[in-house]
Amino acid sequence: MKRVLVTGGCGFIGRHVAQELADHGYRVRLLDALVDQVHGAEAINLPTGAELIKSDVRDRDAVAEAVSDIDAVIHLAAEVGVGQSMYEIARYVGTNDLGTAVLLEALIKHPVERIVVASSMSIYGEGLYRTADGERIDNARRKPADIKDGLWDLRSASGEALSPIPTDEEKRPDLASIYALTKYAQERAVLIFGQAYGIDAVALRLFNVFGAGQALSNPYTGVLANFASRLANGKRPTIFEDGEQKRDFVHVRD
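In the working numbering, the protein residues as written are 1046 to 1299.
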């Protein structure tokens, strides 16, 4: 029977992943710090037979224990929040990047067959755009002056309004937040490590994930959770700018 470690395994996505693994006959071990911002006072329901190690992913001894006798790792442990990352920089870099480094060092002594890391759509920045002539623009940024004037759409260097187009994995990174920087560093570290040590490594750039079990009390879990929380309290969802923003959403079961 294959044994899988899920870091951040008690979080929103982690719980679903752990249950899916258990349902398919895997032995599941979870590593989670159970931080208050994510979990609050809620009870943690583990899949039948799952083992929980309560620890920060930066704890070398705990991580070494967690990866022992493991066949694969799904690395979900991370601080999540674009806005919060801009003023809690040490916390985000520490958990996301140092935590990943501690995990990878532990895997040198305890090799696994595969490691999967959760990356983020934030790596793409504003995404891909094109001009009226069809030129592809992959590094568009909004100017503070335009935002101040209520010009919400992205514009080219000449001031031409740009049209959004689907963004694929080939788009070069455009990191606009500390969170995006840490997620890009996470995925690159895992992929480089996998190539160097002969471990199958995969990075998934997740878009806005939603679904059952999402914490409505945590404002950093995504816009749909924020909308649902306000509606449940008899308030209108707060929508900034002109309401024409577009986002892709991924159900947690997918």
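Where is the CB? At the ideal position from N, CA and C, for every residue including glycine. Since the structure is predicted, the reported quantities are computational estimates derived from the model, not experimental observations.
First and last residue of the alpha helix (DSSP H) that includes GLU1096? It is not in any alpha helix (DSSP H) - GLU1096 instead sits in the beta strand (DSSP E) that spans 1096-1099.
Q) Does the region 1188-1208 come within contact of the region 1238-1256, defined as at least 3 CB pairs closer than 8 Å? A) no
**Message:** On a Cα-Cα basis, can you pick out the residue from ASN1271, ASP1293, SER1113 that is closest to GLY1279?
**Reply:** ASN1271
Checklist entry - Along the chain, which unbroken stretches of the alpha helix (DSSP H) at least 4 residues long are found entirely within the region 1140-1190? => result 1144-1154
Specify, as a first and last residue, the run of the alpha helix (DSSP H) that ALA1109 falls within. 1105-1112
query = Would the beta-carbon of ALA1109 fall within 8 Å of that of ALA1146?
reply = no
task: My understanding is that ILE1160 touches HIS1120, with C-beta atoms under 8 Å, so please give their C-beta distance in whole angstroms.
output: 6 Å
**Q.** Rounded separation between HIS1112 and ASP1104 - CA only
**A.** The amino acid occupying residue 1112 in the given sequence is Val; His does not appear at that position. So the alpha carbons of these two residues sit roughly 12 Å apart.
Original post:
ASP1245 by DSSP, collapsed to three states: which one?
Top reply: strand
* To do: Counting only runs of 3+ residues fully inside the region 1235-1291, write out the beta strand (DSSP E) ranges in chain order.
  => 1245-1251, 1253-1255
By DSSP, does HIS1084 sit in helix, in strand, or in coil?
-> helix
Assigned exposure category for GLU1232 - 16 Cβ within 10 Å defines buried
buried
| said: Is the separation between the beta-carbon of GLY1094 and that of ARG1072 shorter than 8 Å? | reply: yes
Applying the criterion that 16 or more other CB atoms from any shown protein chain within 10 Å of the CB defines a buried residue, is ALA1241 buried or exposed? exposed
- Message: Let's test the definition: count the other Cβ atoms within 10 Å of the Cβ of ASN1263 and tell me whether it reaches 16, buried, or not, exposed.
- Response: buried
Is DSSP giving SER1208 helix, strand or coil here? strand
- prompt: Should ASN1141 and THR1266 be called a contact, given that it needs their Cβ atoms to be closer than 8 Å?
  reply: no
Label LEU1276 either buried or exposed according to how many other C-beta atoms from any shown protein chain fall within 10 Å of its C-beta, with 16 as the threshold for buried. exposed
So is ILE1223 buried or exposed if we call it buried at 16+ other beta carbons inside 10 Å?
buried
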